[in-house]
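The next block holds one structure in the form of structure tokens; read it before the comments.
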Amino acid sequence: MGKDFYAGILIFAVGIFSLYMFFHATKERFYYSKTYSQVKYITPLPGSINYWIIKILFIVGGLLCISVGLYGISKPFL
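Just so you know, the numbering used here puts the end of the sequence shown at 84, numbered straight through with nothing missing.
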């Protein structure tokens, strides 16, 4: 197993965590929790747009990490 296998596992785990955060970031947690207090004001746009920007980043980043991770895991076997 080369370096790609272990890096693929790490990237795959990051992708799974990102998808978990996609479902964890609800509107109630985003608006009324201290967890997302710094992220609410990441842009000068309203809070609802910032909420959707974060949700889109979580889903796109998670899916990208999962696909790259699966490629890295399967590369030594191809």
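All C-beta atoms, glycine included, are put in the ideal place defined by N, C-alpha and C.
Assumed close pair residue i, residue j - CB separation to whole angstroms, cut-off 8 Å
i	j	result
G78	F11	7 Å
G21	G68	5 Å
C71	F29	The Cβ separation is near 16 Å, so there is no contact.
F64	A31	7 Å
I60	V45	6 Å
7 Å CB neighbourhood of residue i in its chain, flanking five on each side removed
i	result
Y57	K33 and F36
G53	Y37 and K46
Proximal residues to residue i (C-beta, below 6 Å), its chain only, five neighbours per side dropped
i	result
K81	D10
G75	G14, I17, F18 and G21
M27	F64
Three-state secondary structure (DSSP) of residue i
i	result
K33	helix
S150	Outside the shown range of the chain (7 to 84) lies residue 150, about which nothing can therefore be said.
V66	helix
Y12	helix
Same chain, Cβ closer than 8 Å to residue i, neighbours up to 5 away in sequence not counted
i	result
T49	I55, N56 and I59
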